[in-house]
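Shown next, in structure tokens, is the structure this report addresses.
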Amino acid sequence: MHSTFARLIANYREYLMQVESLSQPTFASHMRALYSLSRKDWKQYWRYPLNAVSSVFQPLIWIAPIYFMGLAFSVNGKAIGFSQYSGTTDFMSFILLGTVLESFINAVFWGMGYALKNDMDSGVMESNWLTPIPRLLILVGHSVTNLVVTLITAMGMLLFGGLIFGFNASGDVLKAFIPIIPMMIGLYGFGFAFAAVVMLMREANTLVDVSSFLVQIFSGANFPVNALPRFLLPVALILPLTYGLDAVRSQLIGTTTILPFAGEIVLLVVFMVVMLWIGISAFRSLERRVRLLGTLGQH
Amino acid sequence: MRSEMSVQSLAAPGFFSDLQAFWAVVRREWTIFVRYPSWIIALFIWPVIFPMGYILTARALSGVNGTGLATFKQTTGLNEYVGYIAVGTMVWMWQNIVLWSVGGSLRNEQMRGTLESNWLSPTWRFSYLLGSSVPQFISMLMLMAIATLEYIFLFNVKFEGSLWLSLLVVLVAIPSVYGLGFAFASLVITMKESNAFVFLVRGIVMVFCGITYPIAMLPDWMQSVSKWLPQTYIIHGMRTAALTNEGISGIAFDLQMLMVFGIIWLIIGYLLFNRMERRARKTGAIGQY
């Protein structure tokens, strides 16, 4: 009885809200909005140049202990034990490539949710939400600068990482992009769902810190997943990112793959379609809930 | 004018009032600490997942038939790489948490807007830093105890050394770890940007102090740097005390070095605090952020 009444009230409110908008959104206006969002994020990012320096060197600092630890397990710089799992003795190229790919994954995976949290904290979320732009476009707009910045910092990481630790990639770079494309698009699906959860929970840090650390471990950013203990292996195998990282590495540094390359691509394409569908549906449903609750401007 | 300024304060500060103020800071920090449930995650989850990345990489480096492990044993003299990494990362986590909590305590108050009013109270100002260290150290002891149990039961680590000698290393390491935290707190409140400084200091510890590898793996110039960092001796001392049967003779040099570094860092921390305090009163900028 109570829920029927609440639904009636909600429908009535929705009816009242269906006023005709004076705005005339077009494809060009959407592109302008996308450009404005990206430009704003770009200016904001470079306003703090120390952050940019930090984002290049932080990941290198994190993998430095692995480099020296790897030397303790190697003879003449060759990690024979490592090659039994991965097919390459060059453990540092394996790890550096994993770290670079992981930074792209993080940019899409968590970047959109973080950007919304920043909008909430700085008090512009509600006003942005009232503009006649598709809400998913706002999320995509937030990720554009993030991806460009990640591309720049990833190049810096490869350059400095290559100079410090050594990086040897002799494979087919173009072929390595084949798994990256479905993986990244699929990640957008996850990013949409995560952004909606952040809108609802209004807290991102703990959730992101712990989950990104676990995803990084189990997708095999720093080691071949077949080195995991038997009981942990299924966790890695259900993560589509595992196959993405595996496929890219096989093309660039010639590691052995978990599944045949073509099979991994098929899996990634399926992941892309499913994740986009789940992500968009979850975002629409949670965003509607947040609007009904009226908590959009709270943080 | 002068006579108008020199009004007599109604406060009667003494040893007991300072002790009361110190206790008030301890209580406040403890209340804030337990108020947010994320501390449970910090205590139970981080000690497992932080070293896990390094441990699993070491497992991969060991190889299917233990080829790499044999090389590791030759280099370090230890077969137990899981315990080796767990102890190193634990010391790093300790220093990292001290930098964020003790090092950021004054900065947090500055951000909350309570620093200036606290500064005006007739108390010993260094108690703000000392007071914030106590709950932090208690939580750190809890974290170490929980982490040790997790390493034994989840990672099957065999701590063959002595619990009491390990605790002795922790005790002797306190002045170095917290002295750095005090110095850091004063620096951050002047420079206003804590994140970049935490990243820098913890990065130095991570790269130079051998959290996952023996110092002998570093190039000569890096080894020279690591000798000047107390965390190198804490990690070495803790590993020797917890994982080997070498006894007190195995950690004697580490303890001596930690005592020397402890005195140096406490003096640096106290001097920097006094300098910052004088500067803050002169410029009147303590409430600004």
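So the protein sequences, as listed, match chains A and B.
For the first sequence, the positions run -9 to 289 when the numbering used here is used.
For the second sequence, the positions run 920 to 1208 when the numbering used here is used.
Just so you know, even glycine gets a beta-carbon here, dropped at the ideal spot from N, CA and C.
Keep in mind the model is a prediction, meaning the values are calculated, not measured.
>> Give me the chain B residues within the contact set of residue 326 of chain A, using Cβ-Cβ distance strictly less than 7 angstroms, ordered along the chain.
In response: Outside the displayed range of chain A (-9 to 289) lies residue 326 of chain A, so it cannot be described from this structure.
> Do you know how far the Cα of residue 119 of chain A is from the Cα of residue 1186 of chain B?
Replying inline: 53 angstroms
> Hey, how far is the Cα of residue 1038 of chain B from the Cα of residue 1028 of chain B?
Replying inline: 11 angstroms
> Which residue or residues does DSSP assign as beta-bridge partners of residue 65 of chain A?
Replying inline: Partner(s): A:68.
>> Excluding the 5 residues flanking residue 132 of chain A on each side, which residues of the same chain have their C-beta closer than 6 angstroms to its C-beta?
In response: Around residue 132 of chain A: 102, 105.
> So is residue 1166 of chain B buried or exposed if we call it buried at 16+ other beta carbons inside 10 Å?
Replying inline: exposed
> If you run the structure through DSSP and keep just helix, strand and coil, what is residue 1079 of chain B?
Replying inline: coil
>> For the structure I just gave you, are there three or more beta carbon pairs, one from the segment 1011 to 1027 of chain B and one from the segment 1048 to 1059 of chain B, closer than 8 angstroms?
In response: yes
> Just the Cα atoms here: how many angstroms apart are residue 1030 of chain B and residue 1106 of chain B?
Replying inline: 15 angstroms
> By the criterion of Cβ-Cβ separation under 8 angstroms, what are the contact partners of residue 1133 of chain B in chain A?
Replying inline: Under a criterion of Cβ atoms nearer than 8 angstroms, the residues of chain A adjacent to residue 1133 of chain B are, in order, 62.
>> My output table needs one value for residue 1172 of chain B: the three-state DSSP class, helix, strand or coil.
In response: helix
>> Rounded to whole angstroms, what is the Cα-Cα separation between residue 138 of chain A and residue 93 of chain A?
In response: Straight-line Cα distance between these residues: approximately 12 angstroms.
> Whose Cβ in chain B lies nearer than 7 angstroms to the Cβ of residue 214 of chain A?
Replying inline: 979
>> As an exercise, report each continuous alpha helix (DSSP H) stretch of at least 4 residues that is fully enclosed by the segment 215 to 246 of chain A, in chain order.
In response: 223 to 227, 230 to 243
> Would residue 931 of chain B be called buried (16 or more neighbouring beta carbons within 10 Å of its own) or exposed?
Replying inline: Answer is exposed; the Cβ neighbour count stays below 16.
>> What residue range does the alpha helix (DSSP H) around residue 1149 of chain B cover?
In response: 1149 to 1162
> What first and last residue would you give for the alpha helix (DSSP H) that runs through residue 115 of chain A?
Replying inline: 115 to 119
> By the 10 Å Cβ neighbour count, where 16 or more other Cβ atoms means buried, how is residue 1153 of chain B classified, buried or exposed?
Replying inline: buried
>> I'd like the list of long-range same chain contacts for residue 874 of chain B, defined as Cβ closer than 7 angstroms, with 5 residues on each side in sequence excluded.
In response: Here chain B covers residues 920 to 1208 and nothing more, so residue 874 of chain B does not appear.
>> Using a 10 Å radius around the Cβ and a threshold of 16 neighbouring Cβ atoms, would you call residue 254 of chain A buried or exposed?
In response: buried
>> Measuring only the C-alpha atoms, how far is residue 36 of chain A from residue 1032 of chain B?
In response: 28 angstroms
> Using a C-beta cutoff of 9 angstroms, does residue 267 of chain A count as contacting chain B?
Replying inline: no
>> Please give the ranges of any beta strand (DSSP E) in the segment 116 to 177 of chain A, keeping only runs that are unbroken, at least 3 residues long and fully inside the region.
In response: Taken in chain order, the whole beta strand (DSSP E) runs of length 3 or more contained in the segment 116 to 177 of chain A number zero.
> Nearest CA to the CA of residue 977 of chain B: which residue from A:271, A:274, A:62, A:51?
Replying inline: A:62
> In chain B, what lies closer than 8 angstroms to residue 75 of chain A by C-beta?
Replying inline: 979, 982, 983
> So the alpha helix (DSSP H) residue 88 of chain A belongs to, where does it begin and stop?
Replying inline: 81 to 99
> So what's residue 954 of chain B in DSSP terms, helix, strand or just coil?
Replying inline: helix
> How would you write the range of the alpha helix (DSSP H) that residue 268 of chain A sits in, first residue to last?
Replying inline: 251 to 283
> Which residue's Cα is closest to the Cα of residue 20 of chain A: A:57, A:121, A:261?
Replying inline: A:121
> Helix or strand or just coil, what does DSSP make of residue 201 of chain A?
Replying inline: helix
>> Against residue 101 of chain A, what residues of chain B qualify as contacts under a CB-to-CB distance less than 9 angstroms, listed in chain order?
In response: In chain order: nothing, as chain B lies at least about 18 angstroms away.
>> Give me, in chain order, the residues of the same chain whose beta-carbon lies closer than 6 angstroms to that of residue 53 of chain A; leave out the 5 immediate sequence neighbours on both sides.
In response: 85, 89
> Can you list the residues of chain A that residue 986 of chain B reaches, using a CB-CB cut of under 8 angstroms?
Replying inline: 70, 71, 74
>> DSSP three-state label for residue 1091 of chain B, please.
In response: helix
>> Taking the alpha carbon of residue 184 of chain A as the reference point, which residue from A:169, A:202, A:168, A:47 has its own alpha carbon closest?
In response: Checking every option, the nearest Cα to that of residue 184 of chain A belongs to A:202.
> Which same chain residues, not among the five before or five after residue 974 of chain B, have their C-beta less than 6 angstroms away from its C-beta?
Replying inline: 1001, 1004
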